[in-house]
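Numbering-wise (the working numbering), the sequence shown opens with residue 1315 and increments by one. Just so you know, even glycine gets a beta-carbon here, dropped at the ideal spot from N, CA and C. All values derive from a computational prediction rather than experimental measurement. Notes to accompany the following structure.
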Amino acid sequence: MEIRELTAYAEEKYHMAEEYKWASFPGFSVIPHPRSGKWIALFMRQWDQETGTQIECCDLKCGQECLKTVQAPYLSLPIRMKGTEWINVRFEKETDPETVFRLFDRAVSLGEKTGFTIVLDNTSPVRDKAGQQDSRDKVSGTVYQDTAIPAPGTFSRGSGAGSYNNSGNNTQSNNTQNNNTQNSNPRNNTSGNKNADKKGVDIHVNKVIDTDIVDTIIRDTVIPAIGGLIKKGRVFFREKQENARRQALPERLRQLRRLYHYGPETREEKARNFYHQAVFMKDFEDDAPWPGDFYSYLPTYQDMTTNQLRGYFSWRTQVRKGEYRRIAPSAFYVYLYELLNGIGAEPGQDVLNKMEAFEKGYLDAGIIKGNIAGDDYLISKYKKDLKKWMLEYAVIRELPAETAVRYEEPEQRERDEALAVLRAPDQFPDETVFDALMCFSDRRLLQSPVLKADEVRGKHLFSQAWRHAKAEYGEGQNDLFERCFGKAGKRSWYPLSSTLYYMQEKPKDQEYQLNAARRYVCRKGFWQEESYEKTFFDRDFFRGFMRETDRMLRQYLKTGRYLKEKPEDKWARPFLEKVIEEDKQDILEASRKKIVINFENLDRIREESLITRDSLLVEEPEERSGTDAGAYAGSMDNNPEASAAAGAAKSTEAAGAARSEEDSEENPLLSSLQARILRMLLDGEDEAAVTRLIREEHSMPSLEADRINEALYDEIGDIVVWAEDDRLVLEDTYREDLERLL
């Protein structure tokens, strides 16, 4: 069953139309009762990204007692609505339409119930102790109160509580034996009368009551004599008059009430009413305390009581003077709605300045905080709403982008800036490109040995890898940026839809560029947001590229533990090989000595070369004697520069020899103890012997298991050994990998 089947049933049988009351939430709709206007059904639709289907359900106002009589898996307690009158219906394949239609009929019938008034006759005589009528008091000494009776069809006219009287008053009764007992209560005259007519006449009711349709039972209660009643009545009415005088509306507030135009309860209509009332009350001031709590969704003046209105305008008077006092959140939301509509501030930048002042003076000052757990969360929510409205206001008012971007969510602003950099990496330095890469990468990449060895060079290589891959991936058809982050998409945007902002005129066509990755477009009064939606990011593909870059750079720089290759990331290797080759060429170019020839001295150079040639042809070189060798060594000692050069040459040869020796061996990952433990486990030796070895080394099995797994995580990528009951257990899946490593 689907929602549309129930809405079609309501339209056909009851002429009830489905209403969409929230433009920003198109999946929500309601069906109100045609007489009372109260909701009897709230429909909810939500798209499930995992299953690719739409989930539909409904909160139905048919009473939770239905859950006891109709037991079905698709019926449960309400999701959105509160109270015992509501249940929830899930629209699934197993949902029975007939059952849902019957529950909807019940909801409609419950909405049909109306009340009525029963007028009581207050002329019952008062008797004295002897049972005679008191001449001083000829009026009633009894008053009646109404209480609920059972549903129609379950009413009994027998004796006991809840029975009705079918006889006349005391003066008409002919039953003398009950003269002193039952006559004291006129209702007892027909107690136990099972032959009474269906329609009975109560002596204290001015009309005939049909007991099959009555919804209210009348019980009597004895009250004091008339003198006490009058005295208490005077006190009651005097107090009532004083309360009314205390709660009397000032004339300005009376006029405010009259300004409200009753009509369809849409957001647009509420915003229009709020704007006109706010303009009327823009300069009103009062001096009254705030009375207490006030909760309302999209609160307006009309939702407040008299005392709340006076307390709010008194609070607003102080706020405009820079003095902040605590008030209910729904009340200060009214103040923010006023600012957005230009009440108390000039439209434009002044509105944002006043909202920033409120954030600093009220939210940041901690005035709202109490002793309730979760206050910090509520404050962050209020600030988030405030920033969101300020951004939307800046856009529709076409304020400068550098002003609007300050109110963008920090996470969204960081993401937009990173996307703009990665889309054009050639226009930004290495540091900026690397920071943008980290915005979408695993933060553990910051601990890469490539960066620890040489941070500047490492960031340059990572940035160059992205530049090469973006320029060459897909051969221009679908570059790497679009492969990882998709294309900028357009979606409907409803600015200030969660406020009572009144759009006095239709917005003009415009385009607003917030930053390089986000802009807003208005066409024919409808807004659209164009941006990169993170839902469509392929983070696994992007992180695979970053991991393969880290792996190949570790091997190239011979640093850290080497990572295990992943076949799905091999597409990135050609781009990374080019980066590595470029880096080698840069190092080679930097190592070459540059010779500068001064051609002005070319003749002198030629003459000196001829003299040198003649001397070489005339004199034969002689081998150095031992004395000359000693002199040469002495000259080396006396020449610090020559000695340093020789020492550098020797250290370079030693480093090269050590490096070649290191390259000839496998990079060690495990300590000797860890290697022995793994060898014993691979050879199938007794687990007790392994535990004994660990104890002899003053360690524990669980500790050594963690060390082994951490050492091999980059190579294996999984847990290879774990501790169980003070012994080590080997994962056989990685036996071949461990044999290769050992």
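Endpoints, beta strand (DSSP E) assigned at residue i
i: MET1358; result: 1353-1362
i: ASN1402; result: 1401-1404
Span of the alpha helix (DSSP H) around residue i
i: TYR2027; result: 2015-2030
i: ASP1749; result: 1744-1754
i: VAL1719; result: Per DSSP, VAL1719 belongs to no alpha helix (DSSP H) and is neither H nor E.
i: LEU1987; result: 1986-1996
i: TRP1312; result: Past the boundaries of the shown model lies residue 1312; the chain is included only from 1315 to 2056, so the question cannot be answered.
i: LEU1867; result: 1853-1871
i: TRP2036; result: Not the alpha helix (DSSP H): TRP2036 falls in the beta strand (DSSP E), residues 2035-2037.
i: LYS1382; result: 1380-1383
i: GLU1319; result: 1317-1328
i: MET1395; result: No alpha helix (DSSP H) contains MET1395, which DSSP labels as neither H nor E.
i: PHE1850; result: Segment: none, PHE1850 is in no alpha helix (DSSP H) and carries neither H nor E.
i: TYR1609; result: Run containing TYR1609: none; DSSP gives neither H nor E here.
i: GLY1800; result: Note, GLY1800: premise wrong, no alpha helix (DSSP H); not H, not E.
i: ASN1587; result: 1581-1594
i: GLN1569; result: 1565-1573
i: PRO1643; result: 1643-1654
i: LEU1629; result: Sequence check: residue 1629 is Trp here, not Leu. TRP1629 -> alpha helix (DSSP H) spans 1620-1633.
i: THR2005; result: 2001-2010
i: GLN1663; result: 1663-1672
i: ASP2051; result: 2049-2055
Bridge partner(s) assigned by DSSP for residue i
i: SER1343; result: PHE1357
i: GLN1842; result: SER1806 and VAL1835
i: LYS1825; result: It should be noted that the sequence gives Glu, not Lys, for residue 1825. BP columns for GLU1825 point to VAL1835.
i: SER1905; result: In the DSSP output, where bridge partners are listed per residue, SER1905 has none listed.
i: ASP1373; result: LEU1356 and ASN1402
i: GLU1333; result: VAL1344
i: TRP1604; result: Partner(s): none; TRP1604 has no beta bridge.
i: THR1367; result: ASP1362
i: VAL2043; result: TRP2036
i: LEU1389; result: VAL1403
Distance between beta carbons of residue j and residue i, contact taken as under 8 angstroms
i: ALA1585; j: TYR1815; result: 6 angstroms
i: ASP1600; j: SER1628; result: 5 angstroms
i: ALA1355; j: ILE1345; result: 4 angstroms
i: ASP1730; j: ASN1829; result: 5 angstroms
i: MET1315; j: THR1409; result: 4 angstroms
i: LEU1902; j: LEU1992; result: 42 angstroms between Cβ atoms; not a contact.
i: ARG1318; j: CYS1376; result: Between CYS1376 and ARG1318 the Cβ distance is about 20 angstroms, and since that is not below 8 angstroms, they are no contact.
i: LEU1700; j: GLY1662; result: Their Cβ separation, rounded to whole angstroms, is 17 angstroms, which puts LEU1700 and GLY1662 out of contact at 8 angstroms.
Residue of the options minimising C-alpha distance to residue i
i: ARG1568; options: ASP1607, PHE1608, ARG1624 and GLU1583; result: ARG1624
i: ALA1989; options: ALA2025, ARG2009 and ALA2002; result: ALA2025
i: PHE1588; options: LEU1650, ILE1710 and LEU2052; result: LEU1650
i: TRP1361; options: GLU1379, PHE1342, LYS1352 and GLN1378; result: PHE1342
i: PRO1387; options: LYS1407, ARG1781, ARG1394 and GLN1869; result: LYS1407
i: GLU2038; options: GLU2018, ILE1401 and MET1315; result: GLU2018
i: TYR1808; options: TYR1707, ARG2021 and ALA1767; result: TYR1707
i: LEU1759; options: GLU2029, ARG1861, GLY1998 and ALA1738; result: ARG1861
i: ASP2020; options: ALA2003, VAL2043 and ARG2006; result: VAL2043
i: ALA1779; options: PHE1889, LYS1698, TYR1834 and PHE1405; result: PHE1889
i: VAL1709; options: ILE1641, ASP2040 and CYS1836; result: CYS1836
i: MET1866; options: ILE1991, ARG1887 and GLN1818; result: ARG1887
i: MET1330; options: HIS1347, GLU1316 and GLN1818; result: HIS1347
i: ALA1602; options: GLN1616, ASP2046, LYS1892 and ILE1641; result: ILE1641
i: LYS1884; options: TRP1703, ASP1864 and PRO1564; result: ASP1864
i: ASP1373; options: PHE1405, ALA1904 and ARG1349; result: PHE1405
i: ALA1785; options: GLU1660, ILE1681 and LYS1892; result: LYS1892
i: GLU2029; options: LEU1984, MET1704, VAL1719 and ASP2046; result: LEU1984
i: VAL2035; options: GLU1728, LEU1765, GLU2011 and VAL2004; result: VAL2004
i: CYS1753; options: ALA1767, SER1390, LEU1713 and LEU1736; result: LEU1736
i: ARG1832; options: GLU1325, ALA1715 and THR1620; result: ALA1715
i: ARG1857; options: THR1849, MET1395, ASP1744 and ARG1757; result: ARG1757
i: ASN2023; options: HIS2012, LEU2007, GLU2045 and GLU1769; result: GLU2045
i: LYS1766; options: ARG1868, CYS1798, ASP1690 and ARG1711; result: ARG1868
i: PRO1392; options: ASP1852, CYS1371 and SER1923; result: CYS1371
Does the contact criterion of 3 or more C-beta pairs under 8 angstroms hold for the region 1819-1837 versus the region 1589-1607?
no
Spell out a yes or no on whether the region 1760-1774 and the region 1744-1752 are touching, meaning 3 or more CB-CB pairs, one atom from each, closer than 8 angstroms.
yes
Cβ contact check for the region 1837-1848 and the region 1797-1806: 3 or more pairs under 8 angstroms:
yes
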